[in-house]
Amino acid sequence: MILNTGARTDTVQYYSEWLLNRFSEGYVLTRNPMFPNKVLRYELTPDKIDAVLFCSKNYAPILPRLREITDKYRTYFYYTITAYGKDVEPNVPDIDTSIEMLMRLCKIVGKRRIAWRYDPILLTDKYTIDRHFETFESMAKRLAPCIDRCIFSFVEMYKKLNINMPEIIPFTRDDRLRLAEGLGAIAEKYGIFIQTCGTDMDYSSYGIHSSGCATLKILGRANNCEFRNIKHIGMREGCHCVESRDVGAYDTCPNGCKYCYANYNADNVRKNIKKHDPKSPLLLGELLPTDTVIQGDQKSFLATSVNQLSFFDIER
Numbered sequence: 392m393i394l395n396t397g398a399r400t401d402t403v404q405y406y407s408e409w410l411l412n413r414f415s416e417g418y419v420l421t422r423n424p425m426f427p428n429k430v431l432r433y434e435l436t437p438d439k440i441d442a443v444l445f446c447s448k449n450y451a452p453i454l455p456r457l458r459e460i461t462d463k464y465r466t467y468f469y470y471t472i473t474a475y476g477k478d479v480e481p482n483v484p485d486i487d488t489s490i491e492m493l494m495r496l497c498k499i500v501g502k503r504r505i506a507w508r509y510d511p512i513l514l515t516d517k518y519t520i521d522r523h524f525e526t527f528e529s530m531a532k533r534l535a536p537c538i539d540r541c542i543f544s545f546v547e548m549y550k551k552l553n554i555n556m557p558e559i560i561p562f563t564r565d566d567r568l569r570l571a572e573g574l575g576a577i578a579e580k581y582g583i584f585i586q587t588c589g590t591d592m593d594y595s596s597y598g599i600h601s602s603g604c605a606t607l608k609i610l611g612r613a614n615n616c617e618f619r620n621i622k623h624i625g626m627r628e629g630c631h632c633v634e635s636r637d638v639g640a641y642d643t644c645p646n647g648c649k650y651c652y653a654n655y656n657a658d659n660v661r662k663n664i665k666k667h668d669p670k671s672p673l674l675l676g677e678l679l680p681t682d683t684v685i686q687g688d689q690k691s692f693l694a695t696s697v698n699q700l701s702f703f704d705i706e707r
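End of the sequence shown = 707 in the numbering used here, gap-free, step of one.
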């Protein structure tokens, strides 16, 4: 099973203690978003987890204890650093702080296990195409020695964006092509492998690889192991990632990013945070008498029986 820790919330930044407790106790419980009284249990022992995926905008809270996970599990890290300031991402560290933190992460896990996510790309009167090029190049120059690849996407125009970000300027086809051409050229300049996320559009003429942010090929290469050759079903339309299980919960991320799809509104987030107990097997609250706990499916994608690699066994 591929364990995803960051698709529904920034678990690393706000719930690191809880996550580390779950690994220490060897299991986690997670509510089904569609059927709240249906609770899935996943074993977090190394023989049950093929790889652990992290996605965060701030790894500072977990870095001091990260080896508790990396020494026992195959891992891959997605670090989101965008061009935006506090006007769009209120509680996210600034660019310089984020880059320095990514460099610290690299010293622990090595560049082959880190992807820089420059997404989503959105346009406003302030965040223009030219500003994206300027910021992206400045960041690429510094991050190139520390990353396996760069992943970008164009913002999805969810209905709530009309309320949260009325200043967004919708993309035209020419906007997308111009951005793809510019980002591809900058990535090539600094020797960065660049790919899209969540789209079937072909930008290969600009040196941009197709979508598939979390594939078994990427995870196998990063962790020196071999996975089965299977079709990836993805998480949503246009997604080409391998199937994974998320342990987070929606409406729990205090980052406050205006473009976020995982939070319905800030009031829900404030209410839910009060339900969090780092010692609970659930991210929010405790088990209720009306809950039904079901053992989650934990099929392995490994090609053969592979002994769990330690951090020191992995080729840098």
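Note that beta-carbon positions come from the ideal geometry of N, C-alpha and C, so glycine has one too.
State yes or no: is the C-beta of residue i within less than 8 Å of the C-beta of residue j?
| i | j | result |
| --- | --- | --- |
| Asn-646 | Arg-465 | no |
| Ala-657 | Arg-399 | no |
| Pro-672 | Leu-420 | yes |
| Val-483 | Phe-445 | no |
| Cys-537 | Ile-499 | no |
| Ile-393 | Ser-635 | yes |
| Arg-619 | Gly-589 | no |
| Leu-431 | Ile-624 | no |
| Pro-669 | Glu-408 | yes |
| Cys-616 | Asp-401 | no |
| Leu-574 | Phe-527 | yes |
| Arg-612 | Arg-503 | yes |
| Asn-663 | Leu-678 | no |
| Gly-629 | Asp-593 | no |
Kindly give me the distance between the Cβ atoms of residue i and residue j, rounded to whole angstroms, as I take these residues to be in contact under 8 Å.
| i | j | result |
| --- | --- | --- |
| Val-633 | Ala-605 | 6 Å |
| Met-556 | Tyr-650 | 6 Å |
| Ile-559 | Leu-570 | Rounded, the Cβ-Cβ distance is 15 Å, inconsistent with contact. |
| Asn-428 | Asp-682 | 5 Å |
| Asp-566 | Leu-514 | 7 Å |
| Tyr-406 | His-667 | 7 Å |
| Ile-472 | Ile-460 | Ile-472 to Ile-460, Cβ: 22 Å. No contact. |
| Arg-456 | Leu-411 | 6 Å |
Grouping DSSP H, G and I as helix and E and B as strand, with all else coil, what is residue i?
| i | result |
| --- | --- |
| Val-419 | strand |
| Pro-536 | helix |
| Gln-586 | strand |
| Ser-447 | strand |
| Leu-411 | helix |
| Asn-659 | helix |
| Pro-511 | strand |
| Ala-653 | coil |
| His-523 | helix |
| Glu-491 | helix |
| Arg-503 | helix |
| Leu-570 | helix |
| Val-638 | coil |
| Cys-497 | helix |
| Arg-612 | helix |
| Asn-555 | helix |
| Lys-580 | helix |
| Ile-664 | helix |
| Thr-563 | coil |
| Ser-596 | helix |
Kindly indicate if chain C contains any beta-carbon less than 8 Å away from that of residue i.
| i | result |
| --- | --- |
| Gly-629 | Given the protein chain composition of this structure (a single chain), no chain C is represented. |
If distances are taken between C-alpha atoms only, which option among the options comes closest to residue i?
| i | options | result |
| --- | --- | --- |
| Tyr-450 | Arg-458, Gly-611, Leu-431 and Tyr-470 | Tyr-470 |
| Glu-480 | Ala-576, Asp-510, Thr-683 and Ile-505 | Asp-510 |
| Leu-607 | Ile-577, Lys-550, Lys-622 and Asp-539 | Lys-622 |
| Thr-563 | Glu-459, Lys-580, Ile-520 and Glu-528 | Ile-520 |
| Ala-576 | Val-546, Phe-524, Arg-540 and Cys-616 | Phe-524 |
| Leu-493 | Ile-460, Pro-452, Glu-459 and Asp-516 | Pro-452 |
| Arg-533 | Arg-503, Tyr-581 and Asp-516 | Tyr-581 |
| Arg-540 | Glu-617, His-600 and Arg-422 | His-600 |
| Arg-508 | Val-546, Pro-437 and Val-660 | Val-546 |
| Asp-441 | Pro-561, Tyr-467, Glu-459 and Glu-528 | Tyr-467 |
| Ser-489 | Lys-448, Lys-477 and Asp-438 | Lys-448 |
| Ser-596 | Asp-516, Val-443 and Leu-568 | Leu-568 |
| Gln-586 | Asp-438, Asn-423 and Phe-543 | Phe-543 |
| Lys-463 | Lys-439, Tyr-549 and Lys-477 | Lys-439 |
| Gly-397 | Leu-435, Val-443, Glu-434 and Asp-478 | Val-443 |
| Leu-454 | Glu-491, Tyr-549, Asn-659 and Glu-572 | Glu-491 |
Answer with buried or exposed for residue i, where buried requires no fewer than 16 other C-beta atoms within 10 angstroms of its C-beta.
| i | result |
| --- | --- |
| Tyr-385 | Nothing about residue 385 can be read from this structure; the chain reaches only from 392 to 707. |
| Arg-413 | buried |
| Asn-395 | buried |
| Met-530 | buried |
| Asn-698 | Unreliable placement is indicated for Asn-698, whose pLDDT of 46 sits below 50; no coordinate value is reported for it. |
| Ile-554 | exposed |
| Leu-610 | buried |
| Phe-692 | buried |
| Ala-578 | buried |
| Tyr-655 | exposed |
| Ser-701 | Per-residue confidence for Ser-701 stands at a pLDDT of 39, beneath the threshold of 50, marking its modelled position as unreliable; no derived number is given. |
| Arg-422 | buried |
| Tyr-549 | exposed |
The ligand ZN heavy atoms versus the CB of residue i: any closer than 7 Å?
| i | result |
| --- | --- |
| Lys-550 | By its list of ligands, the structure shown contains no ligand whatsoever, and the ligand ZN lies outside what it can speak to. |
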